[in-house]
Ligand SMILES: [Zn+2]
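In the numbering used here, the protein residues as written are 33 to 297.
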């Protein structure tokens, strides 16, 4: 599942940054990119097979996001530590920030942590991830560079015994500027079942990265969830990355498109 790293990679420690000076208006994040556990955490008490499952990361999401970043010349920020250590797409007060249970699997290594242990995890992964996104967006806005934030995730085809029919889901809140044209473009594709606020919605508190960095600044944003059996191999990763790149290349937030038409007319 490894994709060749772009030459312009400028990363350090627990956060990866691709194309830091990307020319695209889109900034991509991959919040659950890695299932890596630093040695100090052992296996968190889990079996090796659990660590390769979706509970540890979003399988396939990073190769898709990397390919999109390269094709669009977009900046991509990715986590490099498993969400089982700390979930970067959760607010600091979320009960599943350091998940005691994921789906139906108890995480022994996350039970009974001290405040100091929790704070160390925040400092290890959560803070660097959000600090990096913050700096990138502030730099872009200071330069007057148009910025739209998109997070790329993947979801498991079966959750708690329920089949999920969508190939891709677009998650948004009441700001639909980016989500509406994205959903429209995806719905025009033959054979693609599009979930709207499926399999999750912002009410499930899964919209944190976008709330923190985009909604707080009034920037257009959307969350993409691709069903992970669609992107388990390179062929599917290429297919979805190319498809989304094509859509993103022509995607204008609804408000911007409206004002441009008015300006021309
Ligand atoms: Zn995710």
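Where is the CB? At the ideal position from N, CA and C, for every residue including glycine.
Practice item. In angstroms with no decimal places, state the Cα-to-Cα distance between residue 270 and residue 235. Key: Reading the chain shown from its first residue, position 238 is the one you call residue 270. Reading the chain shown from its first residue, position 203 is the one you call residue 235. Looking at the two C-alpha atoms, the distance is approximately 31 Å.
Point to revise | Beta-carbon proximity of residue 22 to residue 280, cut-off 8 Å | key: This structure leaves residue 22 out entirely; the chain is present only between 33 and 297.
Exercise for review: Please list, in chain order, all residues with a C-beta atom less than 6 Å from at least one heavy atom of ligand 1.
Suggested key: Matched residues: 63, 64, 90 and 185.
Exercise for review: Check whether the segment 246-255 touches the segment 204-212, taking contact to mean three or more Cβ pairs, one atom from each stretch, closer than 8 Å.
Suggested key: yes
Point to revise | Helix, strand or coil at residue 106 according to DSSP, with G and I counted as helix | key: Counting from one through the chain shown, the residue named residue 106 turns up at place 74. Residue state, collapsed to three classes: coil.
Point to revise | Continuous alpha helix (DSSP H) stretch holding residue 180: start and end | key: Your numbering for residue 180 matches position 148 in the chain shown. No alpha helix (DSSP H) contains residue 180, which is instead part of the beta strand (DSSP E) from 180-187.
Exercise for review: Quick one: residues in its chain with C-beta nearer than 8 Å to the C-beta of residue 221, no 5 flanking neighbours on either side, listed in chain order?
Suggested key: Against the chain shown, residue 221 aligns to sequence position 189. Taken in chain order, the residues that qualify are 275.
Point to revise | Element boundaries [beta strand (DSSP E), containing residue 211] | key: Mapped onto the chain shown, residue 211 falls at position 179. It is not in any beta strand (DSSP E) - residue 211 instead sits in the alpha helix (DSSP H) that spans 211-219.
Point to revise | Minimum C-alpha distance to residue 45 - residue among 99, 109 and 78 | key: The residue labelled residue 45 in the question sits at position 13 within the chain shown. For the residues 99, 109 and 78, the minimum Cα distance to residue 45 belongs to 109.
Review point. Going by alpha carbons, who is nearest to residue 63 out of 80, 175, 76 and 48?
Key: The residue you call residue 63 lines up with position 31 of the chain shown. It is 48.
Practice item. Can you give me the start and stop residues for the beta strand (DSSP E) that residue 145 sits inside? Key: For the purposes of this step, residue 145 is identified with residue 113 of the chain shown, where counting begins at 1. Per DSSP, residue 145 belongs to no beta strand (DSSP E) and is neither H nor E.
Check your understanding: Which residues in the same chain have their Cβ closer than 8 Å to the Cβ of residue 113, if we skip the five residues on either side of it in sequence?
Key -> If you number the chain shown from 1, residue 113 lands on position 81. The answer, listed in chain order, is 46, 66, 68, 69, 70, 156 and 157.
Check your understanding: What is the DSSP secondary structure of residue 257, counted as helix, strand or coil?
Key -> Residue 257 sits at position 225 when you count from the first residue of the chain shown. Residue 257 falls in the strand class under three-state DSSP.
Practice item. Count the CB pairs spanning the segment 176-188 and the segment 232-251 that are closer than 8 Å, and state whether there are at least three. Key: Enough Cβ pairs lie closer than 8 Å, so yes.
Exercise for review: For residue 283, count neighbouring Cβ atoms within 10 angstroms of its own Cβ and tell me buried if that reaches 16, exposed if not.
Suggested key: Position 251 of the chain shown, counted from the start, is the residue given in the question as residue 283. By the 16-neighbour rule on beta-carbons within 10 angstroms, residue 283 is buried.
Review point. In this structure, what does DSSP give as the bridge partners for residue 278?
Key: Position 246 of the chain shown, counting from 1, holds the residue named residue 278. None; residue 278 has no bridge partner.
Review point. Distance, Cα to Cα, residue 61 vs residue 79?
Key: As a first step, residue 61 must be located in the chain shown, where it is residue number 29. As a first step, residue 79 must be located in the chain shown, where it is residue number 47. The alpha-carbon atoms of residue 61 and residue 79 are separated by roughly 28 Å.
Point to revise | Run of the alpha helix (DSSP H) containing residue 61, from where it starts to where it stops | key: One-based indexing of the chain shown puts residue 61 at position 29. Note, residue 61: premise wrong, no alpha helix (DSSP H); beta strand (DSSP E) at 58-62.
Exercise for review: Using only alpha-carbon positions, find the residue among 216, 82 and 123 that is nearest to residue 116.
Suggested key: Translated into the one-based positions of the chain shown, residue 116 becomes position 84. Ranking the options by Cα distance to residue 116, first place goes to 82.
Practice item. Starting from residue 49, follow its DSSP beta bridges and name the residues at the other end. Key: Here residue 49 corresponds to residue number 17 of the chain shown, with the count starting at 1. Paired residues: 109.
Exercise for review: Out of 120, 174 and 162, point me to the one whose CA is closest to residue 88's CA.
Suggested key: Translated into positions along the chain shown, residue 88 becomes position 56. Nearest C-alpha to residue 88: 120.
**Study point:** Counted within 10 angstroms of its Cβ, other Cβ atoms place residue 195 as buried (16 or more) or exposed
**Key:** As a first step, residue 195 is located in the chain shown; it is residue number 163 there, counting from the start. With fewer than 16 other Cβ atoms within 10 Å, it is exposed.
Review point. So, residue 192 versus residue 111, is the Cβ gap smaller than 8 Å?
Key: Taking the chain shown and counting its residues from 1, one reaches residue 192 at position 160. Taking the chain shown and counting its residues from 1, one reaches residue 111 at position 79. It is not a contact, given that the beta carbons lie outside the stated cut-off.
Review point. What residue does the alpha helix (DSSP H) around residue 176 start on, and which one ends it?
Key: Counted from its first residue, the chain shown places residue 176 at position 144. Premise fails: residue 176 is in no alpha helix (DSSP H) and is neither H nor E.
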